[in-house]
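Protein chains in written order, with my numbering: chain A, 1 to 331; chain B, 332 to 662.
Using N, Cα and C, we set each Cβ at its ideal position, and we do this for glycine too.
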């Protein structure tokens, strides 16, 4: 076995089978051959999602592309109130990629899958010529089941709902960009990548009436809130001094000229709950280790489709979606 | 809207929403926002699969990367006896890619999905810098339901089973390679890419006792048969003069120095059925337009794990998996 990926590793022939047997199959719940995984009988509404990961650098403080790919798709399912069950993983690898790095990534994926309690059941490996990709790209697709009594989507949001973030904003994107720019911080800045399904499960088990959830990845908290405001035709009013941001993230954003509200997150969620459930939700989040969880705002009827930010100095700013490109290849 | 893909089209912000609204949403069954698609209640065993497509050139005689990505994943589900229901589509696009080409690909995907009777329910778009990918890569993942009375997998293959191919071998790979080498043929050579789910449904409806099926893509018919021989511990004996190959494919393979048995296919399947169902299967395939379908061999007990080819001149050759790389980026 060569220590680098060869074109032949994507051929479907002997080399590919050797690669799969040696590195992929021991880590995932995949049988070597067969065109699709056959899974248990399920009974419920399906949730189905996909995401490709092209983050650079592949290894960053707090994680790598592998766990990002598992956690990101687990979270997409969780945000619909689904119990994530199965993942597929599709790899596009550049010829010459270090097999040692591939192995690290696969180990991280297996670890993240175990933590989230999901199974990676099918995979695919393609190899492209040197210079035709950038190391490795990973696609994960996920299937989950939505319990019959669960309906969580922006259509359920009502005026008066409270807006909660489960953790500090801007941490993932800032970590990646600091790494690219060679900046270091004390205490160190790490990506927040993690799976949110267990904490969502706790909220559901505690009978919290979640109206909607979303994980604010690309485009950051600001873009996510604006999407929801447009979708619901409601106004979301948030308060700047309530939005948790780590001091290192504030510092890095100042140096790099970024607004943490627009920076990608990979381990937090925005939750919309009725007012009477907001304190209970906060209590549960904090008790689950999300010590910086915060009620950041409220949903109002008007102005329709608008996100308003009440600033620290007492002004009000209209928040729009991210324009142009702030941080390419953040996930 | 620029006529080329910009990095900002992958940002999660305004440009991305505009791209989705304008080109993706009208073609697919996707709602713009939301982290995962919520689908109907299903009751049955799930089949779940994934494949990334990196074919070059993106446009080739008989198809393009878009329909290949839909048909390939539909076929992977069909080979397990599953009814394909839903697909996701993940795009990794190189900065500067022509939006006109993207549009052609999306139209092909929508057309292929309609033909196959499946819905593309979720998607993802990432953009990487110029020179960090090769035009466009597409991942499709698919979910299907396996009816309770269906169990189709190599474990069901028995000695005495007949081996049937549904169409001529080597057509897809030869078409791609001819295109790359500027070869033309009379009559023209076209990729065989197509969805096989309707014809599989016909076989199931006709109560054909299918033991196993597989679509011989990368590595070709030879590699697929060898995989099955190893998996079952049985011997598969095939006859060279029974294997259908188009005359143009024979010609191209001679010029290009290829063995059609090892060349990728995208629209045929190998079917294992008990002897008493083999003629009925052939009749049904031919009646469904697969006029070159052929019973090419038989399953024997020994020698274990071996594929034997009885050649035209009366000899016997042992068939192994593809070694090394014959044709990179064929799918």
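Kindly indicate which three-state DSSP category residue 269 of chain A falls into: helix, strand or coil?
-> Of the three classes helix, strand and coil, the one that applies to residue 269 of chain A here is coil, per DSSP.
Does residue 139 of chain A get closer than 7 Å to chain B when you measure Cβ to Cβ?
-> yes
6 Å Cβ shell around residue 504 of chain B - same chain, five flanking residues per side excluded = The beta carbon of residue 504 of chain B sits closer than 6 Å to those of 594, 595, 658, 661, all from its chain and outside the five residues before and after it, given in chain order.
Taking the C-alpha atoms as reference points, what is the distance between residue 539 of chain B and residue 636 of chain B?
-> 26 Å
Would you say residue 47 of chain A faces chain B, with C-beta separation under 7 Å as the test?
-> Residue 47 of chain A belongs to the set of residues whose beta carbon lies under 7 Å from a beta carbon in chain B.
Mind checking who residue 382 of chain B pairs with in its DSSP beta bridge?
-> B:471
Sequence-distant residues of the same chain with beta carbon closer than 7 Å to residue 449 of chain B, five excluded per side | These residues qualify, in order along the chain: 405, 415, 416, 417, 418.
Considering only C-alpha positions, which residue in the set B:563, B:494, B:644 is nearest to residue 610 of chain B?
-> Selected option, being the one with the closest Cα: B:494.
Minimum C-alpha distance to residue 250 of chain A - residue among A:189, A:222, A:215 = Checking every option, the nearest Cα to that of residue 250 of chain A belongs to A:189.
Any idea if residue 149 of chain A is buried or exposed, counting beta-carbon neighbours within 10 angstroms, 16 or more meaning buried?
-> Residue 149 of chain A comes out exposed.
Could you give the residue range of the beta strand (DSSP E) that holds residue 165 of chain A?
-> 162-165
Looking at the unbroken beta strand (DSSP E) that takes in residue 300 of chain A, where does it start and where does it end?
-> Looking at the DSSP string, the run of the beta strand (DSSP E) that includes residue 300 of chain A is 294-300.
Burial state of residue 478 of chain B, where buried means 16 or more other Cβ atoms lie within 10 Å = Under a 10 Å Cβ-count criterion, residue 478 of chain B is classified as exposed, with fewer than 16 other Cβ atoms of the shown protein chains found around its own Cβ.
In terms of alpha-carbon separation, which member of B:547, B:482, B:571, B:583 lies closest to residue 308 of chain B?
-> Lying outside 332 to 662, the shown extent of chain B, residue 308 of chain B is not represented and no answer is given.
Residue 302 of chain A, buried or exposed, once every other Cβ within 10 Å from all chains shown has been counted against 16 | exposed
Rounded C-alpha distance that separates residue 42 of chain A from residue 361 of chain B | 23 Å
Does any C-beta atom of chain B lie closer than 7 Å to the C-beta of residue 86 of chain A?
-> yes
Take residue 492 of chain B as the anchor and find which of B:368, B:603, B:346, B:546 has the nearest alpha-carbon.
-> Ranking B:368, B:603, B:346, B:546 by CA distance to the CA of residue 492 of chain B puts B:603 first.
Identify each residue in the stretch 317-328 of chain A for which the Cβ-Cβ distance to at least one residue of chain B is less than 7 Å, and report them in chain order.
-> Per Cβ criterion, the list reads 321, 322, 323, 324, 325, 326, 328.
Amino acids of chain A, ordered along the chain, whose beta-carbon sits closer than 8 Å to that of residue 484 of chain B | Under a criterion of Cβ atoms nearer than 8 Å, the residues of chain A adjacent to residue 484 of chain B are, in order, 34, 38.
Segment contact, 8 Å Cβ cut-off, at least three pairs: the stretch 481-488 of chain B with the stretch 453-470 of chain B | no
Residue 395 of chain B bridges to which residues according to DSSP?
-> B:390
Which stretch, first to last residue, makes up the beta strand (DSSP E) that contains residue 177 of chain A?
-> Careful: residue 177 of chain A lies outside any beta strand (DSSP E), inside the alpha helix (DSSP H) at 171-181.
Minimum C-alpha distance to residue 96 of chain A - residue among A:212, A:67, A:4, A:211 | A:4
Skipping 5 residues on each side, what residues in its chain have a beta carbon closer than 7 Å to that of residue 387 of chain B?
-> 465, 660
Give the single residue among A:299, A:184, A:46 whose Cα lies nearest to the Cα of residue 256 of chain A.
-> A:184
Would you mind telling me which residues of chain B sit closer than 8 Å to residue 217 of chain A, beta carbon to beta carbon, in chain order?
-> 343
According to the neighbour-count rule (16 or more other Cβ atoms, all chains shown, within 10 Å of its Cβ), is residue 578 of chain B buried or exposed?
-> exposed
Check distances from the C-beta atoms of the stretch 89-121 of chain A to those of chain B and list, in chain order, the residues that come in under 8 Å.
-> Legend: CB atoms of the stretch 89-121 of chain A lying less than 8 Å from CB atoms of chain B belong to residues 89, 90, 91, 92, 121.
Beta-carbon separation of residue 554 of chain B and residue 653 of chain B under 7 Å?
-> Taking 7 Å as the cut-off, the Cβ atoms of residue 554 of chain B and residue 653 of chain B count as close.
With DSSP collapsed to three states, give me the class of residue 407 of chain B.
-> helix
Taking DSSP as the reference, what is the three-state secondary structure of residue 530 of chain B?
-> helix
Local Cβ density within 10 Å of residue 283 of chain A, reported as buried at 16 or more and exposed below that = exposed
Measuring alpha carbon to alpha carbon, tell me which of B:382, B:385, B:356, B:408 ends up nearest residue 532 of chain B.
-> B:408
Helix, strand or coil: how does DSSP classify residue 555 of chain B here?
-> helix
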